Structures are given as C-alpha cells and as structure tokens.
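Numbering (my numbering), first residue to last: 183 to 446. Below you'll find the structure, written out as structure tokens, and then a few comments.
The structure is reproduced here in structure tokens:
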C-alpha cells in the first residue's frame with residue numbers, strides 16, 4: 183500500500199499561511215486522483231506552477247494562464263510539458279487534444295464562465311476526466327469578518343461582498359449551480375466533495391491579515407518567504423495539521439468536483 187505524501191509541510195515552506203492552509207488540502211485531493219488521471223493533461227489556470235510542482239509531479243501537464251509573469255515563473259519551475267499565455271474562453275488547442283483536465287480554485291475567477299467550460303469540454307476527449315476545485319456560495323457568509331459584523335449588529339454580508347470583490351471571485355455558486363454549469367458545458371458530475379469547515383474558513387480569513395507582510399516580500403523578491411527553513415509558518419503547523427487531517431464536512435465553502443466529459 184502506497185503512503186500518501188504530506189502536502190502540508192511543503193506548502194508551509196513555500197506560501198503564506200492562508201495559501202498553505204487551503205492549497206495543502208487541495209493538493210491531497212488532487213494527488214489522490216493523480217494515478218488515475220490519463221495524460222496529457224491541461225491545467226486551466228496554471229499560475230506560477232507551485233501547485234502542480236507539489237501535488238502532481240511527473241505528470242505530463244500543459245498549463246494555460248492569462249498572466250504573463252506567473253507563466254514565466256511556472257516555466258522556471260520546469261514542471262510543465264508546455265505552457266502558454268491564453269484565455270480559457272479561447273484555448274489554442276485542437277478538439278480532443280487532452281485526455282484530462284484540471285483546474286484548482288480558478289473557475290470562480292473566470293469570466294465568461296460558460297464559454298470557458300465549453301472550451302475545456304472541447305479540448306478534452308470524450309470520456310476524459312475534468313477535476314476542479316471551486317469556491318461555493320457559502321464562502322462569503324462564513325468568513326470571520328462576516329461573522330464578527332453580524333454579531334456586532336452590522337450587516338456582515340457587506341464584508342463578504344467586499345472580500346469576494348478584492349479576491350476577484352466572480353462565480354461563487356452553490357453545489358447545484360456549479361453542477362448545472364458543468365452539465366451545460368458537456369460534463370457529467372461523478373463526485374462533489376465539500377472541503378474546509380466553517381471554523382477553518384474563519385481562520386483562513388484571519389490569516390490573510392497575519393500574512394499581509396508576505397505581499398511585500400513577494401513584490402520585492404519574487405518569493406513569499408524570505409528564509410523558508412526559519413519561517414514562523416511552522417509555529418502554525420499544529421493547528422493547520424488538524425485542519426489538514428479533518429474529515430470532509432457535509433457542506434462547506436469549497437467544492438471538489440470530479441467530472442467526466444460526456445460522449446456526444
């Protein structure tokens with residue numbers, strides 16, 4: 183029996199707390215499916231390549247992302263078989279070019295969503311899997327800021343809307359709404375697994391402010407952490423380990439979908 187690697191510690195040594203918290207959980211979810219993902223794979227929203235480098239090493243993956251700087255950083259990591267700067271609504275690939283597709287916490291940022299999903303369906307071969315993590319409709323109303331304002335007698339929903347706006351969350355849909363949008367594009371839903379509890383999301387919200395100095399570090403050095411072996415992130419490991427090891431909630435602010443490209 184193969185032992186699953188630990189994905190929390192590598193993220194703590196690479197990313198600020200809020201990113202390490204969520205990405206480590208997502209890495210494990212994706213890695214559990216990695217042996218069954220046929221290749222080649224297209225990564226919709228490949229970013230700087232950190233996620234694939236940790237979660238899916240050795241897989242033949244082609245990345246697309248509209249951001250030039252992130253794509254350059256991903257190229258330096260040398261974990262992709264190919265990279266291109268492209269918009270998901272107009273993928274520069276022929277029909278059926280890929281055996282599978284992945285997308286990690288990207289689709290909530292995408293406009294236009296339906297056109298992008300149709301493009302993913304076009305370039306994935308019939309029967310091929312599409313594995314995607316997305317933000318759900320519970321996200322904004324379960325943030326710490328929302329909860330605190332509500333408790334103080336204010337309108338907490340304003341904080342949730344503000345957070346979604348600064349995070350460029352254009353699509354925060356319910357489980358049913360996400361399923362409908364995937365189905366409309368040509369995918370059948372095989373699995374929908376909520377992840378991250380309401381309590382964990384509140385810590386996620388708080389840790390954004392705790393980790394704010396890392397934005398300066400990133401801007402000045404190109405790295406989130408100056409000296410990873412000595413990062414104070416490790417002081418958070420006992421708490422984050424509980425979140426990392428927690429069972430999936432019945433519902434949550436995030437959804438992990440395993441989809442299958444329908445045969446036309």
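For glycine and all other residues, C-beta sits at the position ideal for the given N, C-alpha and C. Values in this document were obtained by computation on a predicted structure and should not be read as measured data.
Cα-Cα separation between residue i and residue j, rounded to whole angstroms
| i | j | result |
| --- | --- | --- |
| residue 296 | residue 371 | 16 Å |
| residue 378 | residue 199 | 15 Å |
| residue 279 | residue 269 | 17 Å |
| residue 292 | residue 204 | 19 Å |
| residue 443 | residue 364 | 10 Å |
| residue 446 | residue 351 | 31 Å |
| residue 421 | residue 336 | 30 Å |
| residue 213 | residue 202 | 16 Å |
| residue 299 | residue 271 | 8 Å |
| residue 183 | residue 310 | Here the model assigns residue 183 a pLDDT of 48, short of 50, so the residue's position is not dependable and the matter cannot be decided. |
| residue 319 | residue 211 | 20 Å |
| residue 223 | residue 312 | 9 Å |
| residue 383 | residue 360 | 20 Å |
| residue 208 | residue 301 | 24 Å |
| residue 331 | residue 338 | 5 Å |
| residue 193 | residue 206 | 6 Å |
Paired residues, beta bridge with residue i - DSSP
| i | result |
| --- | --- |
| residue 315 | 286, 438 |
| residue 376 | 437 |
| residue 370 | 442 |
| residue 280 | 306 |
| residue 267 | 247 |
| residue 355 | 318 |
Beta-carbon separation (whole angstroms), residue i vs residue j, contact threshold 8 Å
| i | j | result |
| --- | --- | --- |
| residue 380 | residue 432 | Their Cβ separation, rounded to whole angstroms, is 11 Å, which puts residue 380 and residue 432 out of contact at 8 Å. |
| residue 262 | residue 234 | 7 Å |
| residue 354 | residue 341 | At roughly 14 Å, the Cβ-Cβ gap does not stay under 8 Å, so residue 354 and residue 341 are not in contact. |
| residue 439 | residue 314 | 5 Å |
Residue j beta carbon less than 9 Å from that of residue i
| i | j | result |
| --- | --- | --- |
| residue 303 | residue 227 | no |
| residue 232 | residue 197 | yes |
| residue 220 | residue 276 | no |
| residue 418 | residue 396 | no |
| residue 410 | residue 186 | no |
| residue 288 | residue 267 | no |
4-residue-minimum alpha helix (DSSP H) runs that sit fully inside the region 185 to 245, ordered along the chain: 190 to 194, 199 to 215, 232 to 237
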